[in-house]
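Colleague:
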Ligand SMILES: C[S@@+](CC[C@H](N)C(=O)[O-])C[C@H]1O[C@@H](n2cnc3c(N)ncnc32)[C@H](O)[C@@H]1O
C-alpha cells in the first residue's frame with residue numbers, strides 16, 4: 011500500500027483525476043493490475059505515477075466494448091468503469107467524446123451498468139475493487155437516483171459496497187430554464203469489492 015500523506019474524505023471538491031489518486035492511494039497496492047474499460051483520454055490517471063501499476067486501458071473507440079471484454083476471468087486486481095452517464099448536450103464535441111446525446115434515455119444509461127458490471131466482476135480477482143463512476147439526473151422532470159439503482163445492481167451481483175465518494179465540481183453550470191429541482195454539482199464514485 012502507498013503511504014497516505016493526507017486524510018482521504020468521502021466528499022472531495024475538485025477533479026476526477028485527484029479523486030482517483032486518493033482512491034488509488036487508499037485501496038490499491040504497488041504493482042496491482044487495473045483494467046480501465048472506459049479509458050477515453052485517460053484523464054482519470056493524470057495524477058497517478060503509472061509506473062507503479064499495470065494499467066490496461068480500453069474503450070469502445072479503440073474497439074473494445076465493456077459488455078464483452080476480451081479477458082479471461084479474474085485477470086485483473088481491480089477494474090474501473092466510467093460510462094457515458096451525462097445526457098447534458100447534443101454538441102458534436104461532447105457526442106464524440108462521450109458517445110451519448112441528450113436523446114439517450116435514463117434506462118439506456120442504467121443498462122450500460124447492468125451489462126457492464128457483470129463483466130467487471132468476471133475479470134476482477136476475488137477481493138479486488140471495482141471503481142464505478144455515476145451521477146444522478148433529472149429525466150422527464152423526475153429525479154433518477156442513478157447511484158442507488160447502480161448500488162442495487164452491484165448488490166444483486168454479490169458485490170460489497172465498500173465505499174462511496176462524492177465529487178463536487180468547482181464549476182457552476184448556468185441554469186438555463188426555470189428550476190424545478192436542486193441543481194446537481196456532484197457525481198459519485200462507488201468502490202465495490204468483489205467476493
Ligand atoms: C465519461 S467518458 C470516460 C472518460 C475517462 N474516464 C477519462 O478519464 O478520460 C466515457 C467513455 O466511455 C466510452 N464508452 C461508451 N460506451 C462504451 C462501451 N459499450 N464499451 C466501452 N467503452 C464505452 C466512450 O467512448 C467514452 O470514452
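Numbering (the numbering used here), first residue to last: 11 to 205.
Just so it is clear, CB atoms sit at the ideal spot from N, CA and C, and this is done for glycine as well.
Could you have a look at residue 132 and say whether DSSP puts it in helix, strand or coil?
Modeller: As a first step, residue 132 must be located in the chain shown, where it is residue number 122. Of the three classes helix, strand and coil, the one that applies to residue 132 here is helix, per DSSP.
Colleague: For the alpha helix (DSSP H) that contains residue 96, what are its first and last residues?
Modeller: As a position in the chain shown, residue 96 is number 86, starting the count at 1. Element bounds for residue 96: n/a, residue is neither H nor E.
Colleague: Quick check: does the Cβ of residue 167 come within less than 8 Å of any heavy atom belonging to ligand 1?
Modeller: As a first step, residue 167 must be located in the chain shown, where it is residue number 157. Because no heavy atom of ligand 1 lies under 8 Å away, the Cβ of residue 167 does not count as near it: no.
Colleague: For residue 37, which residues of its own chain have a beta-carbon under 6 Å away from its beta-carbon, when the five flanking residues on both sides are left out?
Modeller: Start at 1 with the first residue of the chain shown, and residue 37 comes out as number 27. Result list for residue 37: 139, in chain order.
Colleague: I need the DSSP call for residue 27, collapsed to helix, strand or coil.
Modeller: Stepping through the chain shown from its first residue, residue 27 is reached at position 17. Of the three classes helix, strand and coil, the one that applies to residue 27 here is helix, per DSSP.
Colleague: Comparing alpha-carbon positions, which option in 136, 180, 196, 18 lies nearest residue 85?
Modeller: Counting from 1 along the chain shown, the entry for residue 85 is found at position 75. For the residues 136, 180, 196, 18, the minimum Cα distance to residue 85 belongs to 136.
Colleague: When the Cα of residue 191 is compared with those of 33, 30, 152, 52, which residue comes out closest?
Modeller: Here the question's residue 191 lines up with position 181 in the chain shown. Of 33, 30, 152, 52, the residue nearest in Cα terms is 152.
Colleague: Using 8 Å as the Cβ pair cut-off and three pairs as the minimum, do the stretch 18-33 and the stretch 70-88 touch?
Modeller: Contact between the stretch 18-33 and the stretch 70-88 is absent, because fewer than three Cβ pairs lie under 8 Å.
Colleague: Less than 8 Å separating the Cβ of residue 155 from some heavy atom of ligand 1?
Modeller: For the purposes of this step, residue 155 is taken as the residue at position 145 of the chain shown. No; taking the cut-off as 8 Å, the Cβ of residue 155 has no heavy atom of ligand 1 nearer than that.
Colleague: State yes or no: is the C-beta of residue 76 within less than 9 Å of the C-beta of residue 58?
Modeller: Counted from its first residue, the chain shown places residue 76 at position 66. Counted from its first residue, the chain shown places residue 58 at position 48. In this structure, residue 58 does not lie closer than 9 Å to residue 76 by Cβ.
Colleague: Relative to the C-alpha of residue 63, which residue among 187, 177, 131, 42 is closest?
Modeller: Here residue 63 refers to the residue found at position 53 when the chain shown is read from its first residue. Residue 42 is the option with its Cα nearest to residue 63.
Colleague: Report yes if the C-beta of residue 68 is less than 8 Å from at least one heavy atom of ligand 1; otherwise report no.
Modeller: Counted from its first residue, the chain shown places residue 68 at position 58. Checking every heavy atom of ligand 1 against the Cβ of residue 68, one is found closer than 8 Å.
Colleague: Pull up the distance between the alpha-carbon of residue 158 and that of residue 129, whole angstroms please.
Modeller: Walking along the chain shown from the start, residue 158 turns up at place 148. Walking along the chain shown from the start, residue 129 turns up at place 119. Distance between the alpha carbons of residue 158 and residue 129: 20 Å.
Colleague: Terminal residues of the continuous beta strand (DSSP E) containing residue 139?
Modeller: Position 129 of the chain shown, counting from 1, holds the residue named residue 139. Where residue 139 is concerned, the enclosing beta strand (DSSP E) stretches over 139-144.
Colleague: If I measure Cβ to Cβ from residue 168 and keep anything under 8 Å in the same chain, skipping five residues before and after, which residues do I get?
Modeller: Residue numbering aside, residue 168 sits at position 158 when the chain shown is read from its first letter. Around residue 168: 131, 205.
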